[in-house]
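Q:
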Amino acid sequence: MNAPLTAAEFGTLPKLRVYVDETGDRGALGSPFFAMTALVVPEEEDWNVRVVAAGLRAMIHVSRPETTTPLHWVDHFKAKHPGRRERAARTLSLMPGVKVIHVIVPKRNAVPTGGMADGTRFYNYTTRLLLERVAHCAASWDGGPRLAIPYLGTVKGVDHTDTASYLTRVRNGLGGETWGVPWQYVKWPPKWIGTDWDGIQLADIHAGILNVALSGEDVDEDCAQNLLLCKHQLYRSPGGSLMGYGVKIWGSHTLLVNRCWYQKWVIA
Numbered sequence: 009m010n011a012p013l014t015a016a017e018f019g020t021l022p023k024l025r026v027y028v029d030e031t032g033d034r035g036a037l038g039s040p041f042f043a044m045t046a047l048v049v050p051e052e053e054d055w056n057v058r059v060v061a062a063g064l065r066a067m068i069h070v071s072r073p074e075t076t077t078p079l080h081w082v083d084h085f086k087a088k089h090p091g092r093r094e095r096a097a098r099t100l101s102l103m104p105g106v107k108v109i110h111v112i113v114p115k116r117n118a119v120p121t122g123g124m125a126d127g128t129r130f131y132n133y134t135t136r137l138l139l140e141r142v143a144h145c146a147a148s149w150d151g152g153p154r155l156a157i158p159y160l161g162t163v164k165g166v167d168h169t170d171t172a173s174y175l176t177r178v179r180n181g182l183g184g185e186t187w188g189v190p191w192q193y194v195k196w197p198p199k200w201i202g203t204d205w206d207g208i209q210l211a212d213i214h215a216g217i218l219n220v221a222l223s224g225e226d227v228d229e230d231c232a233q234n235l236l237l238c239k240h241q242l243y244r245s246p247g248g249s250l251m252g253y254g255v256k257i258w259g260s261h262t263l264l265v266n267r268c269w270y271q272k273w274v275i276a
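Letter by letter, the sequence shown follows residues 9 to 276 in our numbering.
(1) Which word fits residue 132, buried or exposed, when buried means at least 16 other C-beta atoms lie within 10 angstroms of its C-beta?
(2) In angstroms, rounded to a whole number, what distance separates the CA positions of residue 177 and residue 25?
(3) Taking residue 32 as the reference, give the member of 240, 212 and 121 with the closest Cα.
(4) Can the beta-carbon of residue 60 be found less than 7 Å from the beta-carbon of residue 106?
(5) Identify, in the order they occur along the chain, each residue of the same chain with its Cβ nearer than 7 Å to the Cβ of residue 23, setting aside the five sequence neighbours on each side.
(6) Considering Cα atoms alone, identify which of 235, 246, 73 and 171 is closest to residue 271.
(7) How is the beta strand (DSSP E) around residue 109 delimited, first residue to last?
(8) With a 10 Å radius around its C-beta and 16 neighbouring C-beta atoms as the bar for buried, classify residue 164 as buried or exposed.
(9) Measuring only the C-alpha atoms, how far is residue 65 from residue 108?
(10) Helix, strand or coil for residue 196, going by three-state DSSP, please let me know.
(11) Short of 7 Å in beta carbon distance, which residues of its chain neighbour residue 94, apart from the five on each side in sequence? Order them along the chain.
(12) Counting C-beta neighbours from all protein chains within 10 Å, is the total for residue 169 16 or more, i.e. buried, or is it exposed?
(13) Distance check for residue 231 and residue 9, CA to CA, integer angstroms please.
Here's what the structure looks like:
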C-alpha cells in the first residue's frame, strides 16, 4: 500500500475533478463491448465544465435555452443529428487542460474469465481499471502531482457500497496486486452522483462518441471522425505511451487495432 499523504500535503496539493460515465451493457448480455470514460479536469478550469454543458443544452433545447435538463448521448445525440454530434465533439475538444481516459472491454474475451458474467463484479473490476489510470494521471500531472477527486455516474442495479468496499480492499493491497498504483493521489472514497452534474453529462458525451466509433465497421473512418477531434486530450504516460494509460483494453485488442482509424487515434 502506498503511504498516505500527510494532512499538509493533502490540503496543499492542486486538485483534479474527475467525472466518470459508461457506455454499453455490463455483463454477458447486450452490447459486444462495455467502456468507462473519465474526463479529468484541473480544478482551476472546472468552470469550463459548467459553461460547456450549459452551452450544449442551449444548442439542443433552442426554445428553452435556460433549461437544466441533463444531457444524455442516447437521447440528445442520435444518429439523425450528425450536426449535434460534431458540434459537441468540437466544443469538448476545445476545453483547456483536460485529459480523457477510456477503459474498453470487448466482452467476448473478458466475460468468460473470473465470473465476469455477473454484472456487478464486471462493473467493479472495470471501475478499478479506470481509477488505477486516474491515479497514475494525477501522480504524473504536468507541473507536479495533483489530488484526483472522482465522481462516478450512478448505475442502476449496482450496489455502489459493494463497489466502494471492493475498491478499498484493492487500494489497501488486499485481494490482489495493485501494480504500484499511486492511490495516495486519489481522494477516498470515490463518490457516485447523478446526471444532474454537468461533468457527468460531458463524460457521457465522450463515452457516446467512443461508442459510435467502436460500433462502426472496421473500414469506416467516418464513424470515428468525432473521436479523432478529441484525440489530443487522451492521457499519455510521461514517456508518451497511450495504450495502458489513456486507453486500456481488457481483453482482445482486435476490437480496436483492426480499425482503419486506429493509427490516427493513437498517434499524438
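All C-beta atoms, glycine included, are put in the ideal place defined by N, C-alpha and C. Fair warning: this is a prediction, and the values are worked out from it, not measured in the lab.
A: On the basis of the supplied data:
(1) buried
(2) 23 Å
(3) 212
(4) no
(5) 51, 154, 155 and 157
(6) 235
(7) 107-114
(8) exposed
(9) 21 Å
(10) coil
(11) 234
(12) exposed
(13) Confidence is the limiting factor: at residue 9 the pLDDT is only 45, short of 50, which leaves the residue's position unreliable and the question unanswerable from this model.
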